[in-house]
Structures are given as structure tokens and as C-alpha cells.
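As they're listed, the protein sequences go chains A and B.
Counting in our numbering, the first sequence runs from 1 upward without gaps.
Counting in our numbering, the second sequence runs from 1 upward without gaps.
Only one structure is covered here, and it is reproduced in the block below.
There are 2 protein chains.
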Amino acid sequence: MTFSEENYLKTIYHLTTHLNTEISTNAIAEKMETKASSVTDMLKKLAEKDLVNYKKYQGVSLTENGQLAAKMIVRKHRLWEVFLVEKLDFSWDEVHDVAEQLEHIKSEKLINKLDTFLGNPTEDPHGDPIPDANGNIIKVEKQLLSEIGIAKKTICVGVRDTSTEFLQYLDKQKIALGSSIEILSKEEFDASLHLKVNNQELVVSSKIAGNLYVQLI
Amino acid sequence: MTFSEENYLKTIYHLTTHLNTEISTNAIAEKMETKASSVTDMLKKLAEKDLVNYKKYQGVSLTENGQLAAKMIVRKHRLWEVFLVEKLDFSWDEVHDVAEQLEHIKSEKLINKLDTFLGNPTEDPHGDPIPDANGNIIKVEKQLLSEIGIAKKTICVGVRDTSTEFLQYLDKQKIALGSSIEILSKEEFDASLHLKVNNQELVVSSKIAGNLYVQLI
DNA sequence: AATAATTTTTAGTTTTGTCTAAATTTTAAT
DNA sequence: ATTAAAATTTAGACAAAACTAAAAATTATT
């Protein structure tokens, strides 16, 4: 499997878990910053290899094979992220590009030994689940902060947007995985939230709230 | 820089340190298991980028730029080998292929943090020197066992051949880096050596002796 | 020094993954 | 139900890196 094929599978996998429908050619092209015609070419190749179900003009979905392959790439990506943060002292906003390269290293032995070395983590530094060697994922109950009612006490357990900009904003506001977040009130006009984060009061926009995953406690 | 360009630079670097002349197209082709015509194509490209000195039919050598680039690839390869053996419990005959992939990961921050994490090692698991971030190499005095006189006491400090077969042979004979090796006698007929390795007597062929680096003590 | 053998380069082709531009299909709007 | 708009696919081209076969240069041999 080539790097390019792996990147397509991964993208289709991510789009599938966010949305829950057949994935369109354009959606893939946009996410990968490439052209729709390139996507079509690749979908044909992946279909040929029984990694995707593809019918002209009808969108695409992963086959069993494709899903497993995608999960193994995601597994590698997230384990490497844990390694970078836990062992090499990277911060959570620095790991993405490097993990993007490391996820393509081909060695089952390597990734399983890395998994052991890291203590078989179940989540990456952004709170996303790490598939095990069989592709099984432990789903943790979580909701977007924007979908929670007032006066609820929560714990921050993940981020939806993993861009450097967003993660550095969170650092600045001292919001990290594990931070306690209580919703004090909601502004009707713009859906901004008045929060208490680790006993400090803070106002965040709905855009922020729509990118933070929390767990009710 | 592409993977392929990096592989050519690395090969030229290795050939240059073993031999000490201009490197021929055929030597590169043989080492890389490719065709001479492919090598010519790549040499033109590398010359274009000022990474090699190349004159048609005259062989090739690395420029300053090319030498530094090659050393950085070797640095990555060897640091990853240390990581695999020291942290992930690989044996020294299992690391080559994986390191061959990892050496192409592009991130200065990654490799320098890895270096720190490993305690700034100066040698890889086969006894080869690891260039530092500036390309400096600490040269350790060492000779092939085949070039040492009788009755000399030595320490094994490296291997010339890093193939799985050779390394597993050494494992079987309980020869490792740090093993004490004394030459008891040499058979004139085939240049085989009668050794005492860690107080165990052992006979090895000249082929073995020609692939073991030792240090006189 | 002339010729044979070897090495190296050139020319032209292939594969992978991308692109542009045109054609086709689907979806939306009147 | 047509037509307009949007999405998707096809056709053809290109760059990278490899190959084969033929040509050219170098080296070795007589």
C-alpha cells in the first residue's frame, strides 16, 4: 500500500466517522486539498483492491478490509502522537505533522512494541481513541460543550479541532484534558458561554464550545 | 528532498567511507540493486542541486552540502536503531529495515529530541558512529579481527556486515559488542582463527574475522 | 596503436499520482 | 418537465523515478 492510498483511506475513515453517510468525491478532494479528478482516479484503484465500495457518481464507503486498514493507520498515528508527547516532550499542538509521516512506517512489530512501551494507551493527546491491534476501539461517552445545558459540571476530555491555533488558544486559557468545566450561563444573542474552568471564570464563543468535548460528572 | 534522493546520497556516502575514491556509477547501481542508467539520471539531478560533484564518465563525489545531508540521514538511521534496541527491545539483527524507513522522517525537532531522549549516544547497536546535529563524528580506533596478530587481546567493538545472517551467527556464538576476544592461533591454510571469546574457545573462518571490528587492549 | 571488452550515458518507454479541460451525470430551480 | 447549476468522471498531459536497448566513452588487451 502506497502513502497516497493510505492517506485516502484515512481521510475517508475520518469523514465517515464524522458524517455518517456515503462520502462524496468533493468532500474527499476538499479535505485532502486536491482535485476531484484525482480523487476519482484513486477511488477506482482502491475499489479494485477491495478497500472501498465505489459506484460512479454514488459516493464511496470503506469495505471491511478498508476499514481495518484505515484503523491501523489511525492506530499508528495516535500511538506516535502519544510517544511524541509522553516521551519526547512535544506539546499537543506540535505532533500532528510528524505523526502524519510516522503513520506510514510499515512494521507490525514496531507498532506493537511501541504500544507496549507506551503502556497500551487508549487515547491520544487530543482525547481521540486509539484502536488496538485488532482494530477495536473503546468508545468514551463525550459531548460537545456547546450541546450541554446550563449549570452542568463537566470534565474536558477531547478536542474536535486539532489545529495548532485552537490548541494554543486552549493552552493560553489553561484548558487541558482533565480540566473541570462548569457552565455558568449562556448568552442568548451569540451562544457564547460563561464558564468556570478550574475555578477561574472565563467567557468563550460558540466556536470554541463547538470544538471542545466534555464529559458530564 | 525525496526518499530516492536521500537513498542515493546515503549510498554514495557509505561507498565513499569504505573506499576512498570517486564513486562509479556501477558501484552505486550494484549497492542499490538498480540499473546504471537509473543512477546516471539521479546523479544529474543531484548535481543540479549541488549535492554531488558529477562529471560524465568520471565518477561522483559528495559536495559539502551533500556530505552534510548524507550525515543527517545516517544520524537519523542510527539514532532510530538505538531507539529500537534500547527502548523497544528489538534485537540488533531486526532493526535495519525499520530504521531504513524511519531515516526519511523529516523533522529536526524530532531527531534532536530523540537524541536527547536516548542520552546522546555516539554509537549505534552495531558499533557504528552517530553523527551529532552538526555532522561531527567521534571516530573510534578499530581494526578488523582478520588484521590483528596472534596472541592479541581485544574487545569486540563493531561489525562490518550488518546482515541478519551474520548477526544471528554472532548471537549463536555469544559474540556481542564488548565481548573480549583473544587470538590463540591462526591456521595458515585458510586463515581461520582459533579464538578465546569470553573464556570460551572457538574457531572462526576468515570471512567471520573479516567482518568483526575489535579494539586492542 | 588498434581493437575488444567494459562502463557509462542517451533515448525512449512505463508506472504512479497528479493536473486541466471537456464531457457526463446528478441535483436543484423554475 | 425542462432547464440551470453543481458534482463527478473521462481524456489527455506531465513529472518523478524506474526500466530496456542502443550509442558513446573509457579501459584493457593484444
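Note that CB positions come from ideal geometry on N, CA and C, so glycine has one too.
All values reported here derive from a predicted model rather than from experimental measurement.
Separation of residue 130 of chain A from residue 181 of chain A, as counted between CA atoms: Here residue 181 of chain A is taken as the residue at index 181 of the first sequence, counted from 1. Here residue 130 of chain A is taken as the residue at index 130 of the first sequence, counted from 1. Near 25 Å, if we compare the C-alpha coordinates of residue 130 of chain A and residue 181 of chain A.
Buried or exposed by the 16-neighbour rule on C-beta atoms within 10 Å, applied to residue 94 of chain B: Translated into positions along the second sequence, residue 94 of chain B becomes position 94. Looking at its Cβ environment, which holds 16 or more other Cβ atoms inside 10 Å, residue 94 of chain B is buried.
Residue 200 of chain B beta carbon less than 7 Å from that of residue 155 of chain B: Within the second sequence, numbered from 1, the residue matching residue 155 of chain B stands at position 155. Within the second sequence, numbered from 1, the residue matching residue 200 of chain B stands at position 200. Result no, Cβ atoms of residue 155 of chain B and residue 200 of chain B do not sit closer than 7 Å.
Where residue 179 of chain B falls: helix, strand or coil (DSSP): If you number the second sequence from 1, residue 179 of chain B lands on position 179. It is coil, neither helix nor strand.
Coarse secondary structure for residue 119 of chain A, derived from DSSP in three states: Taking the first residue of the first sequence as position 1, residue 119 of chain A is located at position 119. Note: residue 119 of chain A maps to coil in three-state DSSP.
The stretch 71 to 87 of chain A touching the stretch 112 to 127 of chain A, judged by at least three CB pairs closer than 8 Å: yes
Cβ-based contacts, 9 Å cut-off: residues of the stretch 86 to 98 of chain B near chain A: 87, 88, 89, 90, 94, 97 and 98
Element boundaries [beta strand (DSSP E), containing residue 211 of chain B]: Stepping through the second sequence from its first residue, residue 211 of chain B is reached at position 211. It is not in any beta strand (DSSP E) - residue 211 of chain B carries neither H nor E in the DSSP assignment.
Spatially closest choice to residue 104 of chain A from A/43, A/191, A/8 and A/207, by CA coordinates: The count along the first sequence starts at 1 and reaches residue 104 of chain A at position 104. Minimum Cα distance to residue 104 of chain A is reached at A/8.
Within chain B, partners of residue 179 of chain A - CB distance below 9 Å: As a first step, residue 179 of chain A must be located in the first sequence, where it is residue number 179. Under the 9 Å cutoff, chain B gives no residues; its nearest Cβ is about 26 Å from residue 179 of chain A.
Span of the alpha helix (DSSP H) around residue 38 of chain A: Position 38 of the first sequence, counted from the start, is the residue given in the question as residue 38 of chain A. It spans 36 to 48 - the alpha helix (DSSP H) in which residue 38 of chain A sits, taken as one unbroken run.
Chain-order list of residues whose beta-carbon lies under 6 Å from that of residue 90 of chain B (same chain, five-residue window excluded): As a position in the second sequence, residue 90 of chain B is number 90, starting the count at 1. Same-chain partners within the cutoff: 84.
Length of the line joining the Cα atoms of residue 3 of chain B and residue 69 of chain A: Counted from its first residue, the second sequence places residue 3 of chain B at position 3. Counted from its first residue, the first sequence places residue 69 of chain A at position 69. Roughly 24 Å between the two C-alpha positions.
Chain A contact for residue 245 of chain B (CB, 7 Å cutoff): In the structure as shown, chain B begins at 1 and stops at 217. Residue 245 of chain B is therefore absent and cannot be evaluated.
Other residues of its chain near residue 40 of chain B: CB distance less than 8 Å, five sequence neighbours each side excluded: Stepping through the second sequence from its first residue, residue 40 of chain B is reached at position 40. Result list for residue 40 of chain B: 25, in chain order.
Amino acids of chain A, ordered along the chain, whose beta-carbon sits closer than 7 Å to that of residue 168 of chain B: For the purposes of this step, residue 168 of chain B is identified with residue 168 of the second sequence, where counting begins at 1. Residues of chain A passing the Cβ test: none, with the nearest at roughly 16 Å.
Nonlocal neighbours in the same chain, by C-beta distance under 8 Å from residue 174 of chain A, ignoring five residues either side: What you label residue 174 of chain A is simply residue 174 of the first sequence in a count that begins at 1. 197, 198 and 200, listed in sequence order.
Beta-carbon spacing of residue 10 of chain A, residue 73 of chain A below 7 Å: Position 10 of the first sequence, counted from the first residue, corresponds to residue 10 of chain A. Position 73 of the first sequence, counted from the first residue, corresponds to residue 73 of chain A. A contact, by the Cβ cut-off of 7 Å.
Under 7 Å between C-beta atoms of residue 203 of chain B and residue 185 of chain B: Reading the second sequence from its first residue, position 203 is the one you call residue 203 of chain B. Reading the second sequence from its first residue, position 185 is the one you call residue 185 of chain B. It is not a contact, given that the beta carbons lie outside the stated cut-off.
Buried or exposed by the 16-neighbour rule on C-beta atoms within 10 Å, applied to residue 109 of chain B: Locating residue 109 of chain B in the second sequence gives position 109, where the first residue counts as 1. With fewer than 16 other Cβ atoms within 10 Å, it is exposed.
Alpha-carbon to alpha-carbon, residue 34 of chain B and residue 12 of chain B: Within the second sequence, numbered from 1, the residue matching residue 12 of chain B stands at position 12. Within the second sequence, numbered from 1, the residue matching residue 34 of chain B stands at position 34. Answer to the nearest angstrom: the Cα atoms are 14 Å apart.
Where the beta strand (DSSP E) containing residue 61 of chain B begins and where it ends: By 1-based counting over the second sequence, the position of residue 61 of chain B is 61. Start and end: 60 to 62.
Residue 189 of chain A versus residue 138 of chain A - alpha carbon distance: For the purposes of this step, residue 189 of chain A is identified with residue 189 of the first sequence, where counting begins at 1. For the purposes of this step, residue 138 of chain A is identified with residue 138 of the first sequence, where counting begins at 1. Approximately 38 Å between the Cα atoms of the pair.
Residues bridged to residue 155 of chain A [DSSP beta-bridge criterion]: Position 155 of the first sequence, counted from the start, is the residue given in the question as residue 155 of chain A. Note: residue 155 of chain A sits in a beta bridge opposite A/180 and A/215.
Test: residue 113 of chain B CB closer than 7 Å to a CB of chain A: For the purposes of this step, residue 113 of chain B is taken as residue 113 along the second sequence, with counting starting at 1. At least one chain A Cβ lies under 7 Å of residue 113 of chain B.
Residues near residue 159 of chain A by beta carbon distance below 8 Å, same chain, minus five either side: Numbered from its first residue, the first sequence carries residue 159 of chain A at position 159. Here the set comprises 126, 127, 166, 167, 170, 211, 212 and 213.
Residue 153 of chain B to residue 146 of chain B span [Cα, whole Å]: Start at 1 with the first residue of the second sequence, and residue 153 of chain B comes out as number 153. Start at 1 with the first residue of the second sequence, and residue 146 of chain B comes out as number 146. So the alpha carbons of these two residues sit roughly 13 Å apart.
Own chain partners of residue 151 of chain B with C-beta closer than 7 Å, once the 5 adjacent residues on each side are dropped: Locating residue 151 of chain B in the second sequence gives position 151, counting from the first residue. Excluding residues within five positions, the ones whose Cβ falls inside 7 Å are 183.
Identity of the residues DSSP links to residue 107 of chain B by a beta bridge: Indexing the second sequence from 1 puts residue 107 of chain B at position 107. In the DSSP output, where bridge partners are listed per residue, residue 107 of chain B has none listed.
Limits of the unbroken beta strand (DSSP E) element including residue 196 of chain B: Stepping through the second sequence from its first residue, residue 196 of chain B is reached at position 196. First-last of the beta strand (DSSP E) with residue 196 of chain B: 193 to 197.
Residue 145 of chain B at chain A interface by Cβ criterion, 7 Å: The residue given as residue 145 of chain B occupies position 145 in the second sequence. Chain A contact via Cβ: absent.
DSSP three-state assignment for residue 203 of chain B, whether helix, strand or coil: For the purposes of this step, residue 203 of chain B is identified with residue 203 of the second sequence, where counting begins at 1. Here residue 203 of chain B sits in strand by DSSP.
Between the CA atoms of residue 209 of chain B and residue 148 of chain B - distance to the nearest angstrom: Residue 148 of chain B sits at position 148 when you count from the first residue of the second sequence. Residue 209 of chain B sits at position 209 when you count from the first residue of the second sequence. Approximately 10 Å, taken between the alpha carbons.
Cut-off 7 Å between Cβ atoms - residues of its own chain near residue 36 of chain B, not counting five sequence neighbours on either side: Residue mapping note: residue 36 of chain B aligns to position 36 of the second sequence, counting from 1. Cβ within range, chain order: 25, 26 and 29.
C-beta atoms of residue 54 of chain B and residue 62 of chain B nearer than 7 Å: Numbered from its first residue, the second sequence carries residue 54 of chain B at position 54. Numbered from its first residue, the second sequence carries residue 62 of chain B at position 62. Taking 7 Å as the Cβ cut-off, residue 54 of chain B and residue 62 of chain B do not qualify as a contacting pair.
Any C-beta of chain A under 7 Å from that of residue 110 of chain B: Numbered from its first residue, the second sequence carries residue 110 of chain B at position 110. It does; some Cβ of chain A falls within 7 Å.
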